[in-house]
């Protein structure tokens, strides 16, 4: 491919960007291979990120990568860069937690605004009431009670509204999702430390549930006669059942004691 | 004002730990976390079938026996009622996969069986309180033959009435997500309850402490209530999820679409007499949520009793104390077999 004006080979933008990127990377590798320079401390030259960004942009990729000299490791969790590499799974979790935290902050701000609106409505209600009853302002207790009444009324109006209901549900759902992501990290930590993890305990609980359900029909405190109305109408059977239950009682209490309850 | 505050603080320091649930009782049956208590009689028996009280899972049942002079249970005992109380205990991680039907058809069912057997009786009287009332309705609809009379107290039935703020808030909550990481903490529930009336419950109530002026008895009452309010057990994840989805979000009970233990729960199957007690100023279970029961049960003998108190006042207020135990006993005596 040539430039029609000069007949010189034209440098395509992506090739130029690639050259710059390679040059920047070379500096980085030289620095890394030079042990004495590495031990001397100082920041790693991250200037290769800028050329990489230009190169990616020349290929039509997104150019809003948060790179350059101002690159911060936490930016890896930013929503623009896909997770990759050895720690990919943890990056994903971290990014989701960061997203959720941001969402929570936004919704909290809206919630706080709702609180301000409710406060203003309450104040207006008090002003209205006090103009009709000037004695209210003479007593701090009366004023305080009026404030509480006004605030509760204003709050109740807001609390029943659809935006408030949605907001509250959003806050709850975001926190639930955050808790799940946090649980994944704790799960991994437990695995690394060889501690019993939540998943492991859950699995055991499920097994116990199945075994308990299988064993329940044989529970001593459920005398058969008592569950059958036909049998219960016969006094002898009922008395027998009651005796069986009384007999079973010490065993149950004993079992409880053994279990440390 | 400052003097009053200091006086209240001094008195609070002297009070220390408060005692609750002091009436004499014996644990007669226990299974996993649940305990069934039988109360010692305080009067000549009224010769009624035993009364089994099924309390809510979301709070502790000692609210019904908070202190000697504020005790629904004690009043019932004085009237000669033989009282059993089902205590759900404090669920933990081992209970996170326990389904709601296990609590209703399993634990509650086995407690009913036990009481019947211990008394050699065909049927008992069942009193369900708050969420425990909803659970009792489900049980009575599935196993009507063991229930002589059913009493519900501040119990939600129709979960989608316009006044029900708790239900409105629950509609868009992703309960699958909420319960995916385990049991739902009691602290979260407390936060939700406080959020229903935040100014009264987080501010005014404590300012009112100052007005008690160091009155020891009043402060002790206050501290007992405070203990109960914040002593909320964690909720077992699966049962909680099912309760919120099926009752709050889908309102299955009044729609006749609830399935438990592979059976359809139909309120019309409840043929035993029903007494429905509700609080006129209930901010947790609005009267409309309870009153709906009358339109759904299948019995001819249905009675509703409105008490002019709030949800908590139903257990501890002087007004409720004077009327409710006596109304229950009178109603039961009229239907004595």
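Residue numbers (the numbering used here), protein chains in the order written: chain A, 1 to 261; chain B, 1 to 337. Where a beta carbon is used, it is the ideal one built from N, C-alpha and C, also for glycine. Note that the coordinates shown come from a computational prediction; the quantities given were computed from them, not determined experimentally.
Anything in chain B within Cβ reach of residue 93(A), meaning under 7 Å, just list it in chain order.
Per Cβ cutoff of 7 Å: no residues; residue 93(A) is ~14 Å from chain B at best.
Any beta carbon of chain B sitting closer than 9 Å to that of residue 129(A)?
no
Residue 173(A), enclosing alpha helix (DSSP H) - first and last residue:
Segment 162-192, the alpha helix (DSSP H) holding residue 173(A).
Extent of the continuous alpha helix (DSSP H) to which residue 117(A) belongs
88-132
Show which residues of chain A have a CB atom less than 9 Å away from the CB atom of residue 279(B).
Those within 9 Å of residue 279(B) in chain A number zero; the least Cβ separation is about 17 Å.
Local conformation of residue 206(B) per DSSP, three classes:
Note: residue 206(B) maps to helix in three-state DSSP.
Is any beta-carbon of chain A found at less than 9 Å from that of residue 174(B)?
yes
Give the residues from the region 170-198 of chain A that approach chain B closer than 7 Å (Cβ to any Cβ), ordered along the chain.
172, 173, 176, 177, 179, 180, 183
Reference residue 145(A), options 116(B), 164(B), 203(B), 176(B), closest by Cα
203(B)
Once DSSP output is grouped into helix, strand and coil, what is the label at residue 250(B)?
coil
Can you find a CB in chain B that lies within less than 9 Å of the CB of residue 21(A)?
It does not: the Cβ of residue 21(A) has no partner Cβ on chain B nearer than 9 Å.
Could you name the residues of the same chain whose beta carbon sits closer than 8 Å to that of residue 138(B), not counting the 5 residues immediately before and after it, in chain order?
So the list reads 104, 253, 258, 260, 265, once near-sequence residues are dropped.
From which residue to which residue does the alpha helix (DSSP H) around residue 15(B) run?
That run of the alpha helix (DSSP H) goes 2-15.
How would you list, in chain order, the residues of chain B whose beta-carbon sits under 7 Å from the beta-carbon of residue 152(A)?
197, 199, 200
For residue 203(B), would you say it is in contact with chain A, using Cβ-to-Cβ distances shorter than 9 Å as the test?
yes
Quick one: grab the DSSP three-state call for residue 125(B).
strand
Rounding to the nearest angstrom, what Cα-Cα distance links residue 255(B) and residue 268(B) in this structure?
Distance from the CA atom of residue 255(B) to the CA atom of residue 268(B), rounded to whole angstroms, is 11 Å.
Assuming residue 125(B) and residue 51(B) make a contact with CB atoms under 8 Å, what is their CB distance in whole Å?
Taking the Cβ atoms as the reference, residue 125(B) lies roughly 5 Å from residue 51(B), within the contact range of under 8 Å.
In angstroms with no decimal places, state the Cα-to-Cα distance between residue 218(A) and residue 240(B).
Residue confidence for residue 218(A) is low, a pLDDT of 49 falling below 50, so the modelled location carries little weight; the figure read from the coordinates is stated next. C-alpha separation (whole angstroms): 27 Å.
Go ahead and pull the three-state DSSP assignment for residue 260(B).
strand
Cβ of residue 168(A) less than 9 Å from any chain B Cβ?
By this cut-off, residue 168(A) is an interface position.
Name the chain A residues whose beta carbon is nearer than 9 Å to that of residue 329(B)?
Within chain A, no residue comes near residue 329(B); the closest Cβ sits about 24 Å away, beyond 9 Å.
Measure the CB-CB distance between residue 185(B) and residue 155(B) and report whether it falls below 9 Å.
no
Please list the terminal residues of the continuous alpha helix (DSSP H) segment that includes residue 274(B).
Counting along the chain, residue 274(B) falls outside any alpha helix (DSSP H), though it belongs to the beta strand (DSSP E) covering 274-279.
Is it the case that the Cβ atoms of residue 306(B) and residue 279(B) are separated by a distance below 9 Å?
yes
Contact set between residue 97(B) and chain A, taken where Cβ atoms lie within less than 8 Å:
202, 205, 206, 209
Inter-stretch contact at 8 Å, needing at least 3 Cβ pairs: the region 192-209 of chain B / the region 147-160 of chain A
yes
Would you say residue 263(A) reaches chain B, if we count a Cβ-Cβ gap shorter than 9 Å as a contact?
Residue 263(A) cannot be examined here, being either before or after the span of chain A that is shown, 1 to 261.
On the three-state DSSP scale, how would you describe residue 86(B)?
strand
How would you write the range of the alpha helix (DSSP H) that residue 269(B) sits in, first residue to last?
Element bounds for residue 269(B): n/a, residue is neither H nor E.
Neighbour flag for residue 181(B) against chain A, beta carbons, 9 Å:
yes
Can you list the residues of chain A that residue 324(B) reaches, using a CB-CB cut of under 7 Å?
Residues of chain A passing the Cβ test: none, with the nearest at roughly 27 Å.
Report the CB separation of residue 104(A) from residue 174(A) in whole angstroms; it is logged as a contact under 8 Å.
Your pair residue 104(A) and residue 174(A) checks out as a contact, with CB atoms roughly 5 Å apart and the cut at 8 Å.
Would you decide whether residue 135(A) is buried or exposed? Buried here means 16 or more other CB atoms lie within 10 Å of its CB.
By the Cβ-count criterion, residue 135(A) is exposed, with fewer than 16 other Cβ atoms from all chains shown falling within 10 Å of its own Cβ.
Terminal residues of the beta strand (DSSP E) in which residue 65(B) lies:
65-67
What are the complete alpha helix (DSSP H) segments, minimum 4 residues, inside the region 135-170 of chain B?
165-170
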